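Residue numbers (this note's numbering): 11 to 426. So the structure is just underneath, and the comments pick up after that.
This is the structure:
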């Protein structure tokens with residue numbers, strides 16, 4: 011069922027219609043073939059580039075679509091409803107372009123931006139390391155200064171498009187400390203760069219996730235984005251936007267699951283009538299619909315704060331937490347997908363759409379993991395409660411604020 015969207019312009023409505031048609035007619039027929047065979051969709055990204063979908067939130071000066079971020083996110087949602095892997099890949103590409111477009115020099119943008127925004131260059135994001143997890147400040151991959159630039163040594167993990175892209179937003183340590191990380195527009199193929207075999211994932215199989223091994227690869231000084239030591243600031247700025255991309259993808263996946271559940275409930279008969287006419291199942295489907303609408307509202311709120319120039323880190327974290335939770339398999343089970351889809355046994359076959367719900371589990375592990383975002387949200391929630399308590403009671407006691415944050419952390423850790 012098409013989403014009744016509130017969009018800012020007529021052009022945005024036309025764009026969403028275009029994307030919906032493209033996803034239905036060009037992407038949907040390819041999904042099973044590529045996902046089952048773990049086959050990278052080489053021809054899809056040039057198609058998306060020609061349609062202008064790879065540079066939507068960036069300036070038209072370099073070939074971008076100059077669309078509001080909320081419109082770009084709703085495009086991702088439409089793509090994810092038909093092919094979550096491609097939607098996540100588009101989100102990662104947009105994330106990889108962020109450092110160049112927001113922190114690059116005019117010369118760097120003139121050299122690379124147009125090709126990156128029209129799909130001639132596809133990008134990946136190379137921040138994570140296996141030993142550091144979501145602790146970006148603990149990076150060990152090194153960028154050692156040389157007379158002509160930098161020599162890169164180290165291992166990067168969990169790279170979407172790994173080994174398939176034309177460039178990476180690479181973050182490596184050029185000196186010690188929090189201000190010792192720098193950002194680079196690194197080539198996708200060069201001497202001294204190799205990749206692992208793709209991870210064997212439960213979903214998103216058409217787009218590989220790999221580790222990258224940098225062994226003395228040389229990068230020219232012109233490939234450093236921003237000043238030396240600015241990398242962590244660039245990474246965090248990019249990740250705020252990136253979380254919204256994942257939230258939109260998760261929302262699209264959840265909406266597709268809801269559509270599948272409703273469609274099946276309208277045709278399956280039990281006890282003499284369609285199962286959608288059973289009141290109990292109707293309640294579950296209504297809960298699912300409410301959860302999807304809530305996820306969408308969360309990411310749109312954050313996107314609109316971003317457009318207004320207001321802080322949105324907290325809202326982006328909330329959006330990803332809510333959307334990933336809505337899309338994940340346990341949540342969908344609780345909201346009735348198990349009931350509304352075929353009887354036990356057939357749900358374990360590849361023909362059943364519920365198998366794609368495992369893809370949603372991966373959405374909870376990206377930029378950074380949902381439980382990490384929940385932990386980072388806890389102090390903020392505690393602080394807000396503390397301020398409200400002060401206003402209500404006229405006291406400076408921090409009992410509500412302090413304990414609220416700590417208790418939330420404990421409950422999250424207990425769930426791990």
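The C-beta atom is built at its ideal place from N, Cα and C for all residues, glycine as well. Note that the structure is predicted; figures quoted are calculated from it, not measured.
Would residue i be called buried (16 or more neighbouring beta carbons within 10 Å of its own) or exposed?
{"i": "residue 120", "result": "exposed"}
{"i": "residue 70", "result": "exposed"}
{"i": "residue 131", "result": "buried"}
{"i": "residue 300", "result": "exposed"}
{"i": "residue 106", "result": "buried"}
{"i": "residue 48", "result": "exposed"}
{"i": "residue 296", "result": "exposed"}
{"i": "residue 16", "result": "exposed"}
{"i": "residue 261", "result": "buried"}
{"i": "residue 194", "result": "buried"}
{"i": "residue 298", "result": "buried"}
{"i": "residue 150", "result": "exposed"}
{"i": "residue 280", "result": "exposed"}
{"i": "residue 387", "result": "Here residue 387 scores only 49 on pLDDT, less than 50, and its place in the model should not be relied on; the value that follows carries that caveat. Looking at its Cβ environment, which holds 16 or more other Cβ atoms inside 10 Å, residue 387 is buried."}
{"i": "residue 115", "result": "exposed"}
Spatial neighbours of residue i within its chain, please: CB distance less than 7 Å, with the 5 preceding and 5 following residues excluded, ordered by chain position.
{"i": "residue 168", "result": "138 and 219"}
{"i": "residue 198", "result": "175, 176, 177 and 178"}
{"i": "residue 102", "result": "134, 135, 170 and 171"}
Name the residue from the options whose alpha carbon lies nearest to the alpha carbon of residue i.
{"i": "residue 314", "options": "254, 105, 49 and 205", "result": "254"}
{"i": "residue 200", "options": "174, 216 and 189", "result": "174"}
{"i": "residue 165", "options": "189, 136 and 294", "result": "136"}
{"i": "residue 308", "options": "256, 88, 211 and 295", "result": "256"}
{"i": "residue 153", "options": "192, 187, 290 and 146", "result": "192"}
{"i": "residue 319", "options": "62, 78 and 72", "result": "78"}
{"i": "residue 238", "options": "281, 160, 205 and 267", "result": "160"}
{"i": "residue 267", "options": "278, 337, 29 and 247", "result": "337"}
Please say whether residue j and residue i have beta carbons closer to each other than 9 Å?
{"i": "residue 68", "j": "residue 123", "result": "yes"}
{"i": "residue 81", "j": "residue 66", "result": "yes"}
{"i": "residue 228", "j": "residue 326", "result": "no"}
{"i": "residue 231", "j": "residue 84", "result": "no"}
{"i": "residue 129", "j": "residue 60", "result": "yes"}
{"i": "residue 216", "j": "residue 44", "result": "yes"}
{"i": "residue 235", "j": "residue 113", "result": "yes"}
Among the residues of its own chain, which have a CB less than 6 Å from the CB of residue i, if the five just before and after it don't count?
{"i": "residue 125", "result": "131"}
{"i": "residue 432", "result": "Residue 432 lies beyond the stretch modelled for the chain, which goes from 11 to 426, so this question has no answer here."}
{"i": "residue 74", "result": "65, 68 and 127"}
{"i": "residue 322", "result": "312, 315 and 316"}
{"i": "residue 111", "result": "68"}
{"i": "residue 140", "result": "167"}
{"i": "residue 421", "result": "Residue confidence for residue 421 is low, a pLDDT of 28 falling below 50, so the modelled location carries little weight; the figure read from the coordinates is stated next. Hits under 6 Å: none found."}
Among the residues of its own chain, which have a CB less than 8 Å from the CB of residue i, if the five just before and after it don't count?
{"i": "residue 4", "result": "Nothing about residue 4 can be reported from this structure: the residues present for the chain run from 11 to 426 only."}
{"i": "residue 27", "result": "none"}
**OP:** Could you tell me whether the segment 272-286 touches the segment 220-237, using the rule of 3 or more Cβ pairs below 8 Å?
**Re:** no
**OP:** Take every Cβ of the segment 181-189, pair it with every Cβ of the segment 18-32, and state whether three or more of those distances are shorter than 8 Å.
**Re:** no
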